[in-house]
Amino acid sequence: MADFWTDADKHLVRYAGRADFTREIIARAEGSYVFTEDGRKILDFTSGQMSAILGHSHPEIVATVHRQAATLDHLFSGMLSRPVVDLARRLAETLPAPLEKVLLLTTGAESNEAAIRMAKLVTGGHEIVSFVRSWHGMTQAAAGATYSAGRKGYGPAAPGNFALPVPGADWHQQLDLGFEMIDAQSTGNLAACIVEPILSSGGVIEPPLGYFAALHQKCRERGMLLILDEAQTGLCRTGSWYAFERDGIVPDILTLSKTLGAGLPLAAVVTTAEIEQEAHDRGYLFFTTHVSDPLPAAVGNTVLDVLVRDRLDERARQLGAVLRQGLKEIAASHEVVTDVRGRGLLAGLELISDDLGQRVTRRCLELGLHMNIVQLPGMGGVFRIAPALTASDEDIALGLSILDQAIGDAVKA
Ligand SMILES: Cc1ncc(COP(=O)(O)O)c(C=O)c1O
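Count along the sequence shown from 1, then add 13; that gives the number in the numbering used here.
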């Protein structure tokens with residue numbers, strides 16, 4: 014035990030800003046739970062890093078990984094295999110027309126990088142608009158479009174990145190003003206707007222109905238593409254297959270990641286045949302080591318199998334309502350809880366201060382619940398709650414009761 018932390022402290026780069034590693038040695042995980050080396054069982058209310066929608070080590074994913082690793086793991090990037098073409102077709106079948114062309118990659122940042130690169134090539138522009146509380150990833154263009162953290166200390170972001178306010182009640186005015194400012198700053202090379210349909214790292218904020226249609230219109234008027242980043246919201250998490258279904262829009266480019274591999278590294282860019290053709294005509298290049306890899310693609314197919322067969326979109330809706338009801342009851346009995354929001358099985362619980370949030374997080378962990386809090390200037394702390402879609406009613410009830418107790422204990426302390 015001592016050796017583990019001595020070695021970790023001596024040899025690991027700390028990559029999480031000021032946050033420390035969780036001081037538990039995780040030995041294994043199964044379903045909604047992770048198990049520590051010293052035998053503690055911890056309910057995972059974040060699906061790992063908001064990814065493991067089928068819980069951990071789902072037996073069908075385990076079987077797919079075994080089978081696929083033993084038959085066809087990785088290929089020269091210009092070679093194709095059945096899992097890749099099957100997944101591309103099946104993803105298109107879950108989406109409205111004209112989204113039908115798929116690029117299979119590895120991580121969320123990478124999928125956004127590829128989408129932004131495509132938008133630049135197709136529009137001939139380079140300027141990118143995103144929300145002030147956005148998170149699109151840690152690679153160059155994705156980080157350039159990320160405003161919620163990590164902008165300071167790394168030199169200049171690419172010229173032509175513009176921030177748009179996160180819409181509130183007076184969203185019409187905010188949108189108009191936002192674009193008035195962008196138009197004033199633009200050199201006439203706007204390429205794309207990239208946004209999350211529900212801002213997760215931004216504090217689980219759901220833009221009002223009507224906003225995305227108006228945003229899409231603003232993009233069209235300027236020859237920009239609308240890229241929707243459904244890293245966290247795609248694949249049934251919010252109670253529908255894709256969060257944008259609520260808004261009656263179809264993005265020009267959709268990126269998927271986290272939930273697509275249900276915890277394993279798989280991401281996708283999906284676009285229209287027209288945009289893909291234009292990109293191809295201009296020599297679109299996104300040639301990576303793991304593009305179109307058969308092993309993660311096979312996992313993606315199994316994820317779709319389970320989501321469809323077990324109707325996990327409906328389950329997320331139903332269980333999400335139970336979760337939100339429970340959170341509202343917690344809010345009603347603790348004054349320090351200032352808001353409950355979210356959709357389906359992606360919920361946000363806002364606390365009056367981020368300092369309290371840290372104490373609640375610690376107390377939850379002691380009591381056997383893993384929670385994640387985002388700290389936002391001027392907003393206190395927001396717990397992002399995203400249990401596996403395969404969680405049982407009992408798992409949700411247990412999580413709620415631990416959270417209730419932890420908030421009470423943290424306030425008393
Ligand atoms: C909405 C969104 N997009 C992109 C990313 C980046 O994904 P990755 O960390 O896999 O690069 C994240 C990660 O948190 C995310 O929440």
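For every residue, glycine included, the Cβ atom is placed at its ideal position computed from N, Cα and C. These numbers were taken from a predicted model, which means no experiment stands behind them.
My output table needs one value for residue i: the three-state DSSP class, helix, strand or coil.
{"i": "Arg328", "result": "helix"}
{"i": "Val75", "result": "helix"}
{"i": "Gly138", "result": "coil"}
{"i": "Cys249", "result": "coil"}
{"i": "His149", "result": "coil"}
{"i": "Thr268", "result": "strand"}
{"i": "Ser305", "result": "coil"}
{"i": "Val350", "result": "strand"}
{"i": "Ile207", "result": "strand"}
{"i": "Phe89", "result": "coil"}
{"i": "Phe2", "result": "With the chain represented from 14 up to 426, any question about residue 2 goes unanswered, as that position is not in the structure."}
{"i": "Ser124", "result": "helix"}
{"i": "Phe34", "result": "coil"}
{"i": "Asn314", "result": "helix"}
{"i": "Thr403", "result": "coil"}
Name the one or two DSSP bridge partners that residue i has.
{"i": "Gly355", "result": "Ala360"}
{"i": "Leu212", "result": "Ile218"}
{"i": "Tyr46", "result": "Glu43, Leu56"}
{"i": "Gln388", "result": "Gly394"}
{"i": "Leu378", "result": "Leu378 is not bridged to any residue."}
{"i": "Phe17", "result": "In DSSP, Phe17 forms no bridge with anything."}
{"i": "His69", "result": "Gly44"}
{"i": "Phe144", "result": "Leu177"}
{"i": "His383", "result": "Asp57"}
Could you name the residues of the same chain whose beta carbon sits closer than 6 Å to that of residue i, not counting the 5 residues immediately before and after it, in chain order?
{"i": "Ile55", "result": "Val47, Gly381, His383"}
{"i": "Thr284", "result": "Lys114, Ile266"}
{"i": "Gly157", "result": "Ala170, Ala171, Asn174"}
{"i": "Ala176", "result": "Val145, Tyr160"}
{"i": "Val135", "result": "Ile288, Glu291, Ala292"}
{"i": "His24", "result": "none"}
To which residues of the same chain is residue i closer than 7 Å at the C-beta, ignoring the five residues directly before and after it?
{"i": "Phe192", "result": "Lys231"}
{"i": "Ser70", "result": "Ala42, Glu43"}
{"i": "Ala12", "result": "Nothing can be reported for residue 12: it is not among the residues displayed for the chain, which extend from 14 to 426."}
{"i": "Ala426", "result": "Arg372"}
{"i": "Ala132", "result": "Ala204, Ala205, Leu238, Ile240, Ile266"}
Closer than 8 Å by C-beta to residue i: which residues in its own chain qualify, once you throw out the five before and the five after it? Chain order, please.
{"i": "His229", "result": "Leu239, Ile262, Pro264"}
{"i": "Gly361", "result": "Gly216, Val217, Ile218, Asp352, Val353, Arg354, Gly355, Val395, Phe396, Arg397, Ile398"}
{"i": "Ala329", "result": "Cys249, Arg250, Thr251, Gly252, Gly357, Leu358, Leu402"}
Could you give the first and the last residue of the continuous beta strand (DSSP E) run that contains residue i?
{"i": "Val440", "result": "The structure shown does not extend to residue 440, since the chain is modelled only from 14 through 426, so no value can be given for it."}
{"i": "Val282", "result": "280 to 285"}
{"i": "Lys188", "result": "It is worth fixing the name first, because residue 188 is Leu in this sequence and not Lys. Run containing Leu188: none in the beta strand (DSSP E); it sits in the alpha helix (DSSP H), 184 to 198."}
{"i": "Leu177", "result": "174 to 177"}
{"i": "Ser239", "result": "Note that residue 239 is Leu in the sequence shown here, rather than Ser. From DSSP, the beta strand (DSSP E) with Leu239 extends over 238 to 242."}
Which residues mark the beginning and the end of the alpha helix (DSSP H) in which residue i is found?
{"i": "Ile415", "result": "406 to 425"}
{"i": "Phe225", "result": "224 to 234"}
{"i": "Leu100", "result": "95 to 106"}
Would you say the beta carbon of residue i is closer than 7 Å to some non-hydrogen atom of ligand 3?
{"i": "Val145", "result": "As for ligand 3, it is missing from this structure, which binds only ligand 1."}
Counting beta carbon pairs with one atom in the region 83 to 101 and one in the region 239 to 259, are three or more of them shorter than 8 Å? By the C-beta criterion, the region 239 to 259 is judged not to be in contact with the region 83 to 101, since fewer than 3 inter-stretch pairs fall below 8 Å.
Should the region 310 to 327 be regarded as contacting the region 266 to 279, the criterion being three or more beta carbon pairs within less than 8 Å? The answer is yes - the region 266 to 279 touches the region 310 to 327, with three or more Cβ pairs under 8 Å.
With three or more C-beta pairs closer than 8 Å as the rule, is the region 98 to 114 touching the region 122 to 136? Taking a contact to require three or more Cβ pairs closer than 8 Å, the region 122 to 136 and the region 98 to 114 do not qualify as touching.
Taking 8 Å as the threshold, find out whether the region 366 to 377 comes into contact with the region 330 to 347 through three or more Cβ pairs. Contact fails: fewer than three Cβ-Cβ distances are below 8 Å.
Contact between the region 279 to 297 and the region 60 to 69: three or more CB pairs below 8 Å? Contact fails: fewer than three Cβ-Cβ distances are below 8 Å.
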